[in-house]
Amino acid sequence: MKYSRIIGTGGYLPEKILTNDDLAKIVETSNEWIVERTGIKRRHIRSPDETTTSMAGIAANRAIEAAGIDRSQIQMIVFATCTPDLFFPNAASTLQRLLGITATACPAFDVNIACSGFIYALSIADQYIRSGMVEHALVVGADSLTRLIDWSDRSTCILFSDGAGAVVLKADDKPGIYSTHLHTDGSYGDLLHVKGDVYNAPSCQYINMQGNAVFKVAVTKLGEVVEETLRFNNIDKEAIDWLIPHQANLRIIEATTRRLGFPMEKVILTVEDQGNTSAASVPLALDIGVRDGRIKPGNLLLFEAFSAGFAWGSALVRY
Ligand code: COA
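Following this note's numbering, the numbering of the sequence shown begins with 7 at its first residue and continues without gaps.
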């Protein structure tokens with residue numbers, strides 16, 4: 007039996023930081039309100055000469071370096087993003103070129119599931135490795151959601167930010183990724199969307215969100231998918247060393263852990279410093295936990311994420 011193991015992680019956050027006080031100069035809000043309702047204190051904003059793919063390139067290079075492999079060994083790139091640089095070619099092909107991977111037997115493609123994208127991308131790459139088709143895969147989550155923000159909408163401009171995260175997966179006899187669980191319910195599509203299509207491009211389109219409704223469904227669905235993951239693997243929540251949630255809002259994370267009776271001390275949190283980096287959020291939190299030494303080899307990790315769609319998912323991973 008083959009499993010996928012994470013053998014390298016990497017992350018990148020743009021240099022420019024926007025604090026809550028900075029935002030209070032743009033819209034009617036305050037540091038106190040934002041911290042109380044979201045837990046976010048600051049977020050990173052990409053510079054005009056950066057792109058989703060250039061950020062992903064830095065994160066991917068760091069993951070490849072940490073994995074200790076030669077980039078020519080990568081046989082597949084799955085890139086989770088809803089903000090690619092271009093309609094086409096896709097972000098993954100641009101990233102392949104940026105990384106100097108010249109093998110054409112390295113399919114490179116995007117998956118667009120907004121904030122849940124990384125979990126979906128991980129699940130796809132995992133299937134290819136389990137089936138024996140691929141030995142090494144690069145899985146990336148990167149987004150530039152600040153490019154889709156209406157900076158006069160105080161209910162969204164406080165939440166979103168830019169960044170990139172990446173992992174290298176390798177085939178192994180030992181787990182690795184035990185299971186992934188993916189869900190979609192398109193009937194919620196109107197509650198969180200960015201309008202825009204090929205007929206309207208390149209006119210400017212913004213994130214439109216009914217935050218309170220999103221919040222409630224997110225807490226329910228994230229709780230359910232974590233319970234599903236534990237049940238599927240026949241383990242108790244006590245077996246989890248670290249919960250690595252999508253970092254949308256501290257209150258969503260707290261409500262989910264409260265529902266599960268899971269201790270907040272075992273949650274990797276980045277939301278305070280990063281805001282919601284969309285598809286980058288889970289791999290960035292993973293990378294931080296790995297690099298600061300909290301996540302150790304052999305630890306059992308549970309990833310979960312929720313996004314527009316609505317789509318949500320989880321992964322149980324032995325690091
Ligand atoms: N500063 C001050 N007041 C604000 C504000 C801000 N930045 N944003 C909204 N408000 C106001 C609203 O206008 C509303 O005022 P009203 O009562 O006079 O109409 C009031 O605060 C309450 O709004 P509500 O939307 O009920 O607040 P909330 O507690 O739900 O917090 C969010 C709003 C957006 C922070 C919260 O709903 C949220 O984070 N939802 C999840 C969104 C998310 O994570 N999306 C991505 C999923 S991947």
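Ideal Cβ placement from N, Cα and C applies to all residues, glycine included. Bear in mind the structure is a predicted one, so any value in this text is a computation, not a measurement.
| query | Can you tell which of ALA285, GLU230, GLY315, GLN280 has its C-alpha closest to the C-alpha of ILE46? | reply | GLN280
| message | Just verifying my parser: in three-state terms, what is the DSSP assignment at ASP178? | response | strand
| task | Could you confirm whether any beta carbon from chain C is found closer than 7 Å to the beta carbon of VAL41? | result | No chain C appears in this structure, which consists of one protein chain only.
| said: Tell me the residue span of the beta strand (DSSP E) that contains THR190. | reply: 183–190
| ASN214: first and last residue of the uninterrupted beta strand (DSSP E) it sits in | 213–215
| task | Can you tell me which of the three DSSP states PRO251 falls into? | result | strand
| task | If I'm right that ILE258 touches ALA224 with Cβ under 8 Å, what's the distance once you round it to whole angstroms? | result | 5 Å
| message | Given this structure, state the Cα-to-Cα distance separating ALA245 from PHE238, to the nearest angstrom. | response | 14 Å
| task | Enumerate in chain order the residues of its own chain whose CB-to-CB distance from ASP191 is below 6 Å, with the five nearest sequence positions on each side excluded. | result | PHE316
| message | Can you tell me where the beta strand (DSSP E) holding VAL323 begins and where it ends? | response | 317–324
| Extent of the continuous alpha helix (DSSP H) run through GLY14 | Element bounds for GLY14: not the alpha helix (DSSP H) but the beta strand (DSSP E), 9–18.
| query | Measuring from the CB of ALA261, is there a heavy atom of the ligand COA at a distance below 6 Å? | reply | no
| task | In angstroms with no decimal places, state the Cα-to-Cα distance between ILE213 and VAL41. | result | 21 Å
| message | I'd like the span of the beta strand (DSSP E) that includes ILE23, first residue to last. | response | 22–25
| task | Return the chain-ordered ranges of every alpha helix (DSSP H) run that is complete within the stretch 124–153 and spans a minimum of 4 residues. | result | none
| query | Where in the stretch 225–290 do unbroken runs of the beta strand (DSSP E), each at least 3 residues long, occur, reported from the N-terminal end onward? | reply | 248–251
| said: Among the candidates ASN282, TYR325, PRO181, HIS189, whose CA atom is the shortest distance from the CA of LEU249? | reply: TYR325
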